[in-house]
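Below you'll find the structure, written out as structure tokens, and then a few comments.
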Amino acid sequence: MNFTARDLFLALLSAFLGSVKGLLVSQIKTLGPIEIFGLRSLGATCFITPIIVFWDYKLWYDSKCNMILFIRAIIGNVAVCCYYFGFVYLPIAEASLLFYSTPIFTVFIGCIFLNEKCGFSEIISILFSLLGIVLVSLPDFTFETNRDSVSTIKGVAGSIIGAIAQAAALAIVRKITYVPPAVVSFWWALVGIPFSGILVSIQFEKSELWACGFEVWCIILIAVVGFISELSLVAALKSTDAVIISIALTSEILWAFVLQIYVNREMPTLMCILGGVAIVFSISLPPLTNCFIAKKDKLESVENGSYK
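Numbers -22 to -1, 1 to 286, taken from mature numbering (1 follows the signal peptide of the UniProt record, and there is no 0), label the letters of the sequence shown in order.
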């Protein structure tokens, strides 16, 4: 399995920024998730365009690569848009619990379409990752009877669909590792503008008038944070298997609860701490296993050489 410390750091950075982004999305009350997603796509395009121009990146490739970029952009837009549905209609912990079932889908997609190997350590990591997510989120995951059932269904459906789409997007990026991360992100943001426009035009419910001020700054920060998070994620996927990245991204649960302590001034329960330990173990197991195997192979090659 391919793995580098740099790629793990980028994945963890993307997870941290994802938790910040979720916190910002949950603060916006007068815009729906589709409108938030559309404004974020517009903002990301504005941020990426100067980078494309300055570095003179190539945007148009052969027909096969362009089709992959377009499909990845569509699937990535579906994932992020559904992700916002979870944060708008559900508490952050519940949305994260559902959305980070991604590793399960990533394993199957990676094995089927990318021929990635899924060994014993990866399976154990996934199990501990999901156990940690359940332990962390279980105290808050209650479908209360006084909650709007329609909103609950929207949030749950959005989070699950987003998880499946995110898994597919992670796998597709591994097919175009030769494309610069900024170009992949540019395609995603550019396609996201008309994509969100179409969704806004056909949605049945209308959003309230936008309350400018604090929410404007939230939208700007969402665009900036989302832009950096997307670049970090794509860069990490260039040389590391999608399974490892998806497992590392589940650390967003930990970051969310760190923000909960220092921003919302709410202390986690013992269940949250145990879940955090399980997630950290799940993230640490694959690289430690790879390191052990690499040292063992090196030792065996040295012994074989000295024996000869």
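Just so you know, even glycine gets a beta-carbon here, dropped at the ideal spot from N, CA and C.
Here the alpha carbons of L(-6) and S260 stand approximately 20 Å from one another. Boundaries of the alpha helix (DSSP H) around D(-16): -18 to 4. From the listed residues A(-12), L(-13), R(-17), V(-3), the smallest Cα separation to L237 is found for V(-3). Judged by pairs of C-beta atoms under 8 Å, the stretch 98 to 112 does not touch the stretch 170 to 180, as fewer than three such pairs exist. Linking L199 to L263 through their CA atoms gives a straight-line distance of about 33 Å. Taking all protein chains in view, the Cβ of P172 is surrounded by fewer than 16 other Cβ atoms within 10 Å, so the residue is classified as exposed. In this structure, G110 and A226 do not form a Cβ contact; the two beta carbons are roughly 13 Å apart against a cut-off of 8 Å. Scanning its chain for C-beta atoms nearer than 6 Å, with the 5 sequence neighbours on each side dropped, one finds around F205 the residues A22, F25, in chain order. Between M245 and I251 a beta carbon distance of about 10 Å is seen, past the 8 Å cut, so the two are scored as non-contacting. In the DSSP assignment, W166 falls within the alpha helix (DSSP H) that extends over 159 to 180. DSSP, read as helix, strand or coil, puts K42 in helix. When the Cα atoms are used, Q5 and C196 turn out to be separated by approximately 8 Å. For R18, the enclosing alpha helix (DSSP H) stretches over residues 11 to 33. By the C-beta density criterion, P28 is exposed, having fewer than 16 other C-beta atoms within 10 angstroms. In this structure, A213 is the residue among A272, A213, P159, D219 with its C-alpha nearest to the C-alpha of L(-13).
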